[in-house]
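Each residue of the sequence shown is one higher than the one before, counting from 10 in my numbering.
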Amino acid sequence: MNTAAQRVLTTPELFCRIFDFLDDGGYAGPVSLRYDRHNLARCASINNLWYQEIMHRFWARPVGEMNGLLRHFRRVKRYRRQFYANFVMRLNIMSVLDMDISRCNIAFRGLSFPQLEVLHLTVRARHANIPRIRAPALEVLHFTLCIDPFKSLEGPVAMKGLFRLIKGGLPSLKLIKFDFLSEVNDHPLAVFQRHFPHVEIVKELDLVPKF
10 MNTAAQRVLT
20 TPELFCRIFD
30 FLDDGGYAGP
40 VSLRYDRHNL
50 ARCASINNLW
60 YQEIMHRFWA
70 RPVGEMNGLL
80 RHFRRVKRYR
90 RQFYANFVMR
100 LNIMSVLDMD
110 ISRCNIAFRG
120 LSFPQLEVLH
130 LTVRARHANI
140 PRIRAPALEV
150 LHFTLCIDPF
160 KSLEGPVAMK
170 GLFRLIKGGL
180 PSLKLIKFDF
190 LSEVNDHPLA
200 VFQRHFPHVE
210 IVKELDLVPK
220 F
C-alpha cells in the first residue's frame, strides 16, 4: 500500500504544484546551479511523470544566458533536438554577428518549436538575414534592432528579414514589440503594418542599442 507521500509524488496535479515552488527560470543558466541541475536530471529517471515535468523545467525557458539554447543544443545530437525543442516556451536570441546567424540557422534547421509563446530577437539593423525559426503557436515577438553608428544611414534592412521570418515561420503572431526607434523613421513600420494588418505593433523603447 502506498504511503501518502508516495501518492503525492505519483499524482500529476500535486507533483506539478511542488515544482511550481522552484525557480521559474527552469534551472537554465547560472553556473552555481549546475550541481542542482545534475541532481534534478538524475530524478528524471524515476518514472515518466517525473521525466516529463523535469524536462519541461529544463527546456521551457532556456534563457539563463544570451543564446542559451544554442549552448544546450551543442551537447545534443541533431536527431534528438526536436524532442527538446517541443518543450521550449520562451526563447532569447541575440544575433549581432554574421556567425551568430549562421549558428542559429544550423542549430534550428528542420526544427519546429510548437510550444514557443514568446521570442526575444536582437539583430543588427544592417542584417537582411536573421535567424530562421518555425514556431506555429508563437504570439508575441520582441524585436530589438541594433543600429551600427557607422552604417545607420543604410536603413533597417533587417526589417526585410523580419518579413520573411513571419511569413515563413510565425503564422500565429499577434503582437510585436519593437525595442528601438529613435533613429528609424515610421516608414518601415507602415510597410510592416500593410503586410501584416492582423499583428499589433507596440513601440517599447526609444533608446537604440549600438554595436
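Virtual Cβ for every residue (Gly too), placed ideally from N, Cα, C.
The structure presented is a predicted model; accordingly, all values stated were derived computationally and were not measured.
Asked                                                                                                                                               : Found
Could you compute how far the alpha carbon of Phe205 sits from the alpha carbon of Thr20?                                                           : 44 Å
Thinking C-beta only, is Glu126 closer than 8 Å to Arg99?                                                                                           : yes
Got a sec: does the ligand HEM put a non-hydrogen atom nearer than 7 Å to the Cβ of Pro123?                                                         : Ligands in the displayed structure: none, and consequently the ligand HEM is not present.
Helix, strand or coil for Phe182 per DSSP?                                                                                                          : Per the sequence presented here, residue 182 reads as Leu, with Phe not at that position. Reduced to three states, the DSSP call for Leu182 is coil.
Which complete beta strand (DSSP E) runs does the segment 78-135 hold, if anything under 3 residues is left out?                                    : 99-104 and 127-133
Hey, could you find the ends of the beta strand (DSSP E) Val211 is sitting in?                                                                      : Glu209 to Lys212
How would you label Arg173, buried or exposed, when you count the other beta carbons within 10 angstroms and need 16 or more for buried?            : exposed
In chain order, what residues of the same chain lie with their CB nearer than 8 Å to the CB of Leu120, ignoring the 5 residues before and after it? : Arg90, Gln91, Ala94 and Arg143
Within a Cβ cutoff of 7 Å, which residues of the same chain sit near Cys7, ignoring the five residues on either side of it in sequence?             : No information on residue 7 is available, as it lies outside the stretch 10 to 220 that the chain covers here.
Between Ser181 and Ile55, what straight-line distance do the alpha-carbon atoms span, to the nearest angstrom?                                      : 37 Å
May I have the straight-line CA-CA distance separating Pro197 from Lys169, to the nearest angstrom?                                                 : 9 Å
From the DSSP output, in three-state form, read off Phe172 for me.                                                                                  : helix
From His129 to Ile102, what distance separates their C-alpha atoms?                                                                                 : 6 Å
Run the CB neighbour count on Asp107, radius 10 Å, all protein chains shown included, and call it buried at 16 or more, exposed below.              : exposed
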